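Student: Attaching a single structure in C-alpha coordinates format; questions to follow.
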Amino acid sequence: MERKRNKGKIYQYSAESLHNVLAAIHDGMSVLRASKTFQIPRTTLRDKLAGRTPLHARRVGPECQLGKHVEEKLVEWIVGMAARGFPVNKEGLLYSVKKLVEEANMETGFVNKTPGKKWLELFLKRHPIVRQKHAEYINKARASVTEEKIREWFSETTTLLGKNIDILNFPAKIWNMDETAMFLSPKGALILAERGKSTYDITTTSEKENVTTLITVNAEGEIAPSLTIFKYDRLPAAVSNAAPPGWGIGKSDSGWMQSETFFEYFSNVFFPYLQQKNTTFPIVVFLDGHASHLSLNLGKFCREREKLSW
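The opening position of the sequence shown corresponds to residue 40 in my numbering, with each subsequent residue numbered one higher.
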(Lines of atoms letter the chains of each structure in order from A and count residues from 1; the text may use other names and numbers.)
(Lines give C-alpha, C1' and ligand atoms only; values in the text may rest on other atoms or scores of the structure.)
Protein backbone atom coordinates (compact mmCIF):
# COMPACT_ATOMS: atom_id res chain seq x y z
CA MET A 1 0.00 0.00 0.00
CA GLU A 2 1.31 3.40 -0.95
CA ARG A 3 2.17 5.57 2.02
CA LYS A 4 0.35 8.90 2.09
CA ARG A 5 2.61 11.84 2.59
CA ASN A 6 1.50 15.08 4.05
CA LYS A 7 2.28 17.99 1.82
CA GLY A 8 4.08 20.75 3.64
CA LYS A 9 2.53 24.18 3.73
CA ILE A 10 3.97 26.63 1.22
CA TYR A 11 4.67 30.06 2.69
CA GLN A 12 4.87 33.16 0.51
CA TYR A 13 6.04 36.40 2.03
CA SER A 14 7.52 39.68 0.91
CA ALA A 15 10.70 41.43 1.99
CA GLU A 16 8.56 43.93 3.88
CA SER A 17 6.81 41.15 5.84
CA LEU A 18 10.15 39.62 6.76
CA HIS A 19 11.46 42.99 7.91
CA ASN A 20 8.37 43.52 10.09
CA VAL A 21 8.51 40.09 11.71
CA LEU A 22 12.20 40.42 12.56
CA ALA A 23 11.52 43.84 14.06
CA ALA A 24 8.70 42.34 16.15
CA ILE A 25 11.01 39.59 17.45
CA HIS A 26 13.66 42.14 18.39
CA ASP A 27 10.93 44.04 20.28
CA GLY A 28 10.16 40.96 22.37
CA MET A 29 7.71 38.82 20.39
CA SER A 30 8.49 35.10 20.56
CA VAL A 31 9.58 33.28 17.41
CA LEU A 32 6.61 30.91 17.69
CA ARG A 33 4.08 33.72 17.92
CA ALA A 34 5.81 35.70 15.16
CA SER A 35 5.73 32.66 12.88
CA LYS A 36 1.98 32.22 13.37
CA THR A 37 1.21 35.93 13.13
CA PHE A 38 3.21 36.67 9.99
CA GLN A 39 2.91 33.20 8.39
CA ILE A 40 6.66 32.67 8.08
CA PRO A 41 8.22 29.30 9.08
CA ARG A 42 9.99 29.19 12.46
CA THR A 43 13.01 27.52 10.88
CA THR A 44 13.31 30.40 8.43
CA LEU A 45 13.17 32.95 11.23
CA ARG A 46 15.73 31.08 13.33
CA ASP A 47 18.11 30.74 10.38
CA LYS A 48 17.92 34.44 9.62
CA LEU A 49 18.30 35.45 13.26
CA ALA A 50 21.34 33.18 13.55
CA GLY A 51 22.83 34.54 10.31
CA ARG A 52 22.69 31.17 8.51
CA THR A 53 20.68 32.66 5.61
CA PRO A 54 20.50 36.18 4.12
CA LEU A 55 18.06 38.59 5.72
CA HIS A 56 16.33 39.49 2.46
CA ALA A 57 13.38 37.36 1.43
CA ARG A 58 13.88 34.82 -1.30
CA ARG A 59 11.50 35.11 -4.20
CA VAL A 60 9.15 32.14 -4.39
CA GLY A 61 8.97 30.46 -7.82
CA PRO A 62 11.13 30.82 -10.93
CA GLU A 63 12.45 34.17 -12.08
CA CYS A 64 10.76 35.69 -15.14
CA GLN A 65 12.82 34.66 -18.13
CA LEU A 66 12.84 38.07 -19.80
CA GLY A 67 13.93 39.97 -16.73
CA LYS A 68 12.08 42.61 -14.75
CA HIS A 69 13.18 45.55 -16.92
CA VAL A 70 12.00 43.94 -20.18
CA GLU A 71 8.64 42.97 -18.70
CA GLU A 72 8.13 46.51 -17.43
CA LYS A 73 8.74 47.78 -20.96
CA LEU A 74 6.16 45.32 -22.28
CA VAL A 75 3.61 46.46 -19.72
CA GLU A 76 4.30 50.12 -20.53
CA TRP A 77 3.73 49.40 -24.22
CA ILE A 78 0.52 47.41 -23.66
CA VAL A 79 -0.99 50.03 -21.35
CA GLY A 80 0.03 52.84 -23.70
CA MET A 81 -1.54 51.18 -26.72
CA ALA A 82 -4.74 50.47 -24.80
CA ALA A 83 -4.94 54.16 -23.86
CA ARG A 84 -4.81 54.98 -27.58
CA GLY A 85 -7.67 52.60 -28.31
CA PHE A 86 -5.54 49.71 -29.57
CA PRO A 87 -5.60 46.77 -27.16
CA VAL A 88 -2.74 44.33 -27.70
CA ASN A 89 -3.99 40.80 -28.27
CA LYS A 90 -2.29 37.55 -27.35
CA GLU A 91 -0.79 37.01 -30.78
CA GLY A 92 0.67 40.51 -30.88
CA LEU A 93 2.24 40.16 -27.44
CA LEU A 94 3.82 36.77 -28.12
CA TYR A 95 5.17 37.93 -31.47
CA SER A 96 6.66 41.03 -29.83
CA VAL A 97 8.38 38.90 -27.19
CA LYS A 98 9.74 36.61 -29.90
CA LYS A 99 11.28 39.57 -31.74
CA LEU A 100 12.78 40.87 -28.49
CA VAL A 101 14.37 37.49 -27.79
CA GLU A 102 15.75 37.26 -31.33
CA GLU A 103 17.16 40.80 -31.45
CA ALA A 104 18.78 40.56 -28.00
CA ASN A 105 19.93 36.96 -28.59
CA MET A 106 18.46 36.06 -25.19
CA GLU A 107 18.76 32.57 -23.74
CA THR A 108 15.29 31.38 -22.77
CA GLY A 109 13.42 28.12 -22.52
CA PHE A 110 10.93 29.22 -25.17
CA VAL A 111 10.24 26.82 -28.02
CA ASN A 112 11.26 28.53 -31.29
CA LYS A 113 11.99 31.60 -29.16
CA THR A 114 8.24 32.12 -28.70
CA PRO A 115 6.69 32.08 -25.20
CA GLY A 116 3.82 29.71 -24.58
CA LYS A 117 0.54 29.62 -22.70
CA LYS A 118 2.16 29.13 -19.28
CA TRP A 119 4.40 32.17 -19.70
CA LEU A 120 1.41 34.28 -20.68
CA GLU A 121 -0.56 33.15 -17.62
CA LEU A 122 2.32 34.01 -15.28
CA PHE A 123 2.95 37.32 -17.04
CA LEU A 124 -0.66 38.37 -16.49
CA LYS A 125 -0.46 37.32 -12.83
CA ARG A 126 2.68 39.39 -12.35
CA HIS A 127 1.08 42.40 -14.04
CA PRO A 128 -2.67 42.49 -13.30
CA ILE A 129 -2.92 46.02 -14.71
CA VAL A 130 -2.68 44.48 -18.19
CA ARG A 131 -5.99 42.66 -17.77
CA GLN A 132 -7.57 45.74 -16.26
CA LYS A 133 -6.65 47.98 -19.17
CA HIS A 134 -7.79 45.42 -21.72
CA ALA A 135 -11.19 45.11 -20.03
CA GLU A 136 -11.59 48.88 -19.97
CA TYR A 137 -11.00 49.07 -23.71
CA ILE A 138 -13.48 46.31 -24.49
CA ASN A 139 -16.19 48.17 -22.61
CA LYS A 140 -15.28 51.40 -24.37
CA ALA A 141 -15.29 49.79 -27.81
CA ARG A 142 -18.76 48.36 -27.29
CA ALA A 143 -20.23 51.71 -26.37
CA SER A 144 -22.47 53.33 -28.98
CA VAL A 145 -21.08 56.18 -31.06
CA THR A 146 -22.38 59.53 -29.86
CA GLU A 147 -21.50 63.17 -30.44
CA GLU A 148 -19.76 63.18 -27.08
CA LYS A 149 -17.64 60.17 -28.08
CA ILE A 150 -16.68 61.78 -31.38
CA ARG A 151 -15.64 65.02 -29.68
CA GLU A 152 -13.71 62.99 -27.13
CA TRP A 153 -11.88 61.20 -29.95
CA PHE A 154 -10.81 64.49 -31.53
CA SER A 155 -9.68 65.77 -28.15
CA GLU A 156 -7.60 62.64 -27.51
CA THR A 157 -6.10 62.84 -30.99
CA THR A 158 -5.05 66.44 -30.42
CA THR A 159 -3.42 65.47 -27.13
CA LEU A 160 -1.60 62.50 -28.65
CA LEU A 161 -0.23 64.52 -31.55
CA GLY A 162 1.06 67.16 -29.15
CA LYS A 163 3.76 69.29 -30.75
CA ASN A 164 3.14 67.51 -34.06
CA ILE A 165 -0.41 68.87 -34.34
CA ASP A 166 0.60 70.85 -37.46
CA ILE A 167 0.66 67.56 -39.37
CA LEU A 168 -3.09 67.94 -39.77
CA ASN A 169 -2.46 70.96 -42.02
CA PHE A 170 -0.69 68.75 -44.59
CA PRO A 171 -3.04 66.21 -46.23
CA ALA A 172 -0.12 64.31 -47.78
CA LYS A 173 1.11 63.46 -44.28
CA ILE A 174 -2.20 62.05 -43.05
CA TRP A 175 -2.53 58.37 -43.90
CA ASN A 176 -5.28 55.88 -43.22
CA MET A 177 -4.98 52.10 -43.38
CA ASP A 178 -7.98 49.82 -43.50
CA GLU A 179 -8.37 46.18 -44.42
CA THR A 180 -11.19 44.26 -45.99
CA ALA A 181 -11.74 40.53 -46.44
CA MET A 182 -12.96 39.04 -49.69
CA PHE A 183 -14.57 35.63 -49.26
CA LEU A 184 -13.87 33.32 -52.15
CA SER A 185 -16.28 30.60 -51.04
CA PRO A 186 -19.18 32.44 -49.42
CA LYS A 187 -22.22 30.75 -47.97
CA GLY A 188 -24.48 29.59 -50.79
CA ALA A 189 -27.55 31.58 -51.78
CA LEU A 190 -31.06 30.27 -51.16
CA ILE A 191 -32.19 27.93 -53.95
CA LEU A 192 -35.33 25.91 -54.67
CA ALA A 193 -35.08 22.11 -54.60
CA GLU A 194 -37.01 18.99 -53.70
CA ARG A 195 -37.73 18.67 -49.99
CA GLY A 196 -35.53 16.10 -48.24
CA LYS A 197 -32.86 16.01 -50.94
CA SER A 198 -29.39 17.47 -50.46
CA THR A 199 -28.69 20.03 -53.15
CA TYR A 200 -25.51 22.05 -53.65
CA ASP A 201 -24.89 25.12 -55.73
CA ILE A 202 -21.35 24.54 -56.95
CA THR A 203 -19.97 27.81 -58.26
CA THR A 204 -16.35 27.73 -57.09
CA THR A 205 -13.61 25.19 -56.56
CA SER A 206 -11.46 27.37 -54.32
CA GLU A 207 -10.42 25.86 -51.02
CA LYS A 208 -9.14 29.20 -49.73
CA GLU A 209 -11.88 30.79 -47.63
CA ASN A 210 -10.79 34.41 -48.01
CA VAL A 211 -8.05 36.85 -48.87
CA THR A 212 -7.49 40.11 -46.99
CA THR A 213 -6.35 43.36 -48.58
CA LEU A 214 -5.00 46.34 -46.67
CA ILE A 215 -5.55 49.63 -48.49
CA THR A 216 -3.42 52.66 -47.60
CA VAL A 217 -4.60 56.13 -48.66
CA ASN A 218 -3.67 59.66 -47.60
CA ALA A 219 -5.90 62.71 -47.23
CA GLU A 220 -4.95 63.92 -50.73
CA GLY A 221 -6.42 60.77 -52.22
CA GLU A 222 -3.07 59.18 -53.03
CA ILE A 223 -3.03 55.39 -52.80
CA ALA A 224 0.16 53.75 -51.56
CA PRO A 225 1.13 50.18 -52.49
CA SER A 226 -1.30 47.88 -50.73
CA LEU A 227 -0.99 44.48 -49.08
CA THR A 228 -2.90 41.32 -49.95
CA ILE A 229 -2.79 38.32 -47.63
CA PHE A 230 -3.48 34.76 -48.76
CA LYS A 231 -4.12 31.63 -46.78
CA TYR A 232 -1.11 29.66 -47.95
CA ASP A 233 1.75 27.84 -46.29
CA ARG A 234 3.88 28.79 -49.27
CA LEU A 235 2.93 31.45 -51.79
CA PRO A 236 2.66 30.15 -55.37
CA ALA A 237 4.84 31.95 -57.90
CA ALA A 238 1.76 32.72 -59.99
CA VAL A 239 0.30 34.75 -57.12
CA SER A 240 3.46 36.79 -56.59
CA ASN A 241 3.91 37.44 -60.31
CA ALA A 242 0.31 38.62 -60.71
CA ALA A 243 0.62 41.34 -58.07
CA PRO A 244 0.78 44.98 -59.23
CA PRO A 245 4.28 46.53 -59.09
CA GLY A 246 5.24 47.54 -55.56
CA TRP A 247 2.36 45.76 -53.85
CA GLY A 248 2.95 43.62 -50.80
CA ILE A 249 1.97 39.97 -50.88
CA GLY A 250 1.74 38.12 -47.57
CA LYS A 251 0.51 34.85 -46.16
CA SER A 252 -0.95 33.67 -42.88
CA ASP A 253 -2.53 30.53 -41.49
CA SER A 254 -6.00 32.04 -41.65
CA GLY A 255 -5.77 34.53 -44.49
CA TRP A 256 -6.24 37.35 -41.98
CA MET A 257 -3.83 40.05 -40.89
CA GLN A 258 -1.28 39.15 -38.22
CA SER A 259 1.25 41.27 -36.33
CA GLU A 260 4.23 39.85 -38.20
CA THR A 261 2.60 40.31 -41.61
CA PHE A 262 1.68 43.91 -40.86
CA PHE A 263 5.17 44.75 -39.62
CA GLU A 264 6.73 43.30 -42.77
CA TYR A 265 4.41 45.40 -44.92
CA PHE A 266 4.98 48.56 -42.91
CA SER A 267 8.78 48.27 -42.85
CA ASN A 268 9.44 46.73 -46.28
CA VAL A 269 6.69 48.22 -48.48
CA PHE A 270 5.05 51.31 -47.00
CA PHE A 271 8.12 52.99 -45.46
CA PRO A 272 10.34 52.52 -48.56
CA TYR A 273 7.49 53.99 -50.61
CA LEU A 274 7.50 57.10 -48.42
CA GLN A 275 11.28 57.39 -48.75
CA GLN A 276 11.03 57.13 -52.52
CA LYS A 277 8.57 60.05 -52.46
CA ASN A 278 11.03 62.08 -50.34
CA THR A 279 8.40 62.40 -47.63
CA THR A 280 9.32 64.65 -44.72
CA PHE A 281 8.62 63.16 -41.32
CA PRO A 282 6.87 62.82 -38.99
CA ILE A 283 3.57 61.69 -40.48
CA VAL A 284 0.46 60.26 -38.87
CA VAL A 285 -1.12 56.91 -39.71
CA PHE A 286 -4.65 56.11 -38.59
CA LEU A 287 -5.55 52.43 -38.32
CA ASP A 288 -8.88 50.68 -38.08
CA GLY A 289 -8.46 49.52 -34.48
CA HIS A 290 -7.53 45.91 -35.19
CA ALA A 291 -5.20 44.51 -32.54
CA SER A 292 -3.61 42.36 -35.26
CA HIS A 293 -1.62 45.40 -36.40
CA LEU A 294 0.27 45.80 -33.17
CA SER A 295 3.73 44.73 -32.14
CA LEU A 296 6.39 46.23 -29.92
CA ASN A 297 8.98 46.26 -32.70
CA LEU A 298 6.62 48.27 -34.94
CA GLY A 299 6.57 51.04 -32.34
CA LYS A 300 10.35 50.83 -32.06
CA PHE A 301 10.70 50.98 -35.85
CA CYS A 302 8.66 54.19 -35.99
CA ARG A 303 10.42 55.89 -33.09
CA GLU A 304 13.87 55.18 -34.49
CA ARG A 305 12.91 56.87 -37.76
CA GLU A 306 11.19 59.84 -36.12
CA LYS A 307 7.95 58.69 -37.65
CA LEU A 308 4.64 59.10 -35.89
CA SER A 309 2.41 56.04 -36.08
CA TRP A 310 -0.98 55.86 -34.38
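Ideal Cβ positions, reconstructed from N, Cα and C, are used throughout, including at glycine.
Here the structure is a predicted model, which is why all the values come from computation and not from measurement.
(1) Who are the near neighbours of Leu163 in its chain, counting only those whose CB is closer than 7 Å to its CB and skipping five residues on each side?
(2) Which residues bound the alpha helix (DSSP H) around Gly289?
(3) Compare the Cα-Cα distances from Gly285 to each of Gln297, Leu266, Lys212 and Lys137 and report the closest residue.
(4) Closer than 6 Å by C-beta to Ala282: which residues in its own chain qualify, once you throw out the five before and the five after it? Chain order, please.
(5) Between which two residues does the alpha helix (DSSP H) harbouring Phe269 extend?
(6) Determine, using beta carbons only, whether Ser135 and Leu274 come nearer to each other than 8 Å.
(7) For a test of the three-state rule: what should DSSP assign to Met145, helix, strand or coil?
(8) Could you say if the stretch 207-218 and the stretch 248-260 meet the contact criterion of at least three C-beta pairs nearer than 8 Å?
(9) Just to confirm before moving on: does the CB-CB distance between Val60 and Leu88 stay below 8 Å?
(10) With a CB to CB cut of under 6 Å and the five nearest residues on each side skipped, what residues in its chain are close to Pro264?
(11) Run through DSSP, which three-state label would Glu218 get?
(12) Determine the DSSP secondary structure at Val324, reduced to helix, strand or coil.
(13) Given a cut-off of 8 Å, decide if Gly131 and Ser298 are closer than it, judged by their beta-carbon atoms.
(14) Quick one: residues in its chain with C-beta nearer than 6 Å to the C-beta of Arg344, no 5 flanking neighbours on either side, listed in chain order?
(15) How should Phe305 be labelled, buried or exposed, when 16 other C-beta atoms within 10 angstroms of its C-beta is the threshold for buried?
(16) Measuring only the C-alpha atoms, how far is Val118 from Asn208?
(17) In the structure shown, what three-state DSSP assignment does Val256 receive?
(18) Any idea what DSSP makes of Val150, helix, strand or coil?
(19) Whole-angstrom Cβ separation of Ala220 and Thr251, contact assumed at under 8 Å?
(20) Given this structure, state the Cα-to-Cα distance separating Pro321 from Gly148, to the nearest angstrom.
(21) Hey, would you say Ile262 sits closer than 8 Å to Thr300, going by beta carbons?
(22) Would the beta-carbon of Val109 fall within 8 Å of that of Leu133?
(23) Does the separation of the CB atoms of Ile204 and Thr197 fall below 8 Å?
Tutor: So, from the listed chains and residues:
(1) Indexing the sequence shown from 1 puts residue 163 at position 124. Val169 and Arg170.
(2) Translated into positions along the sequence shown, residue 289 becomes position 250. Taken as a continuous stretch (DSSP letters only), Gly289 belongs to no alpha helix (DSSP H), being part of the beta strand (DSSP E) at Gly287 to Lys290.
(3) Residue mapping note: residue 285 aligns to position 246 of the sequence shown, counting from 1. For Gly285, the nearest C-alpha among the options comes from Leu266.
(4) On the sequence shown, residue 282 is found 243 positions in, with the first residue counted as 1. Cβ within range, chain order: Ile288.
(5) Counted from its first residue, the sequence shown places residue 269 at position 230. Segment Ile262 to Phe269 is the beta strand (DSSP E) holding Phe269; no alpha helix (DSSP H) there.
(6) In the sequence shown, residue 135 corresponds to position 96, counting from 1. In the sequence shown, residue 274 corresponds to position 235, counting from 1. Not a contact, by the Cβ cut-off of 8 Å.
(7) Taking the sequence shown and counting its residues from 1, one reaches residue 145 at position 106. In the structure shown, the three-state DSSP call for Met145 is coil.
(8) These segments touch.
(9) Taking the sequence shown and counting its residues from 1, the one referred to as residue 60 is at position 21. Taking the sequence shown and counting its residues from 1, the one referred to as residue 88 is at position 49. Taking 8 Å as the Cβ cut-off, Val60 and Leu88 do not qualify as a contacting pair.
(10) In the sequence shown, residue 264 corresponds to position 225, counting from 1. Gly285, Trp286, Val308 and Tyr312.
(11) Here residue 218 corresponds to residue number 179 of the sequence shown, with the count starting at 1. It is a strand residue.
(12) For the purposes of this step, residue 324 is taken as the residue at position 285 of the sequence shown. Here DSSP, grouped into helix, strand and coil, assigns Val324 to strand.
(13) Taking the first residue of the sequence shown as 1, we reach residue 298 at position 259. Taking the first residue of the sequence shown as 1, we reach residue 131 at position 92. Yes, Cβ-Cβ distance for Ser298 and Gly131 is below 8 Å.
(14) Position 305 of the sequence shown, counted from the first residue, corresponds to residue 344. Apart from sequence neighbours up to five positions away, no residue of its chain approaches Arg344 with a beta-carbon distance below 6 Å.
(15) Here the question's residue 305 lines up with position 266 in the sequence shown. Residue environment: Phe305 is assigned as buried (16 or more neighbouring CB atoms within 10 Å of its CB, all protein chains considered).
(16) For the purposes of this step, residue 118 is identified with residue 79 of the sequence shown, where counting begins at 1. For the purposes of this step, residue 208 is identified with residue 169 of the sequence shown, where counting begins at 1. The alpha-carbon atoms of Val118 and Asn208 are separated by roughly 29 Å.
(17) Taking the first residue of the sequence shown as 1, we reach residue 256 at position 217. Reduced to three states, the DSSP call for Val256 is strand.
(18) Position 111 of the sequence shown, counting from 1, holds the residue named residue 150. Secondary structure at Val150: strand, using DSSP grouped into helix, strand and coil.
(19) On the sequence shown, position 181 is the one that residue 220 refers to. On the sequence shown, position 212 is the one that residue 251 refers to. Taking 8 Å as the upper bound for CB-CB distance, Ala220 and Thr251 are in contact here, some 5 Å apart.
(20) Along the sequence shown, one-based indexing puts residue 321 at 282. Along the sequence shown, one-based indexing puts residue 148 at 109. Their Cα atoms are separated by approximately 39 Å.
(21) Working through the sequence shown from its first residue, we reach residue 262 at position 223. Working through the sequence shown from its first residue, we reach residue 300 at position 261. For the pair Ile262 and Thr300, the CB atoms are not nearer than the 8 Å cut-off.
(22) Within the sequence shown, the letter at position 70 stands for residue 109. Within the sequence shown, the letter at position 94 stands for residue 133. Leu133 is positioned such that its CB atom lies no closer than 8 Å to that of Val109.
(23) Numbered from its first residue, the sequence shown carries residue 204 at position 165. Numbered from its first residue, the sequence shown carries residue 197 at position 158. Contact flag set, yes.
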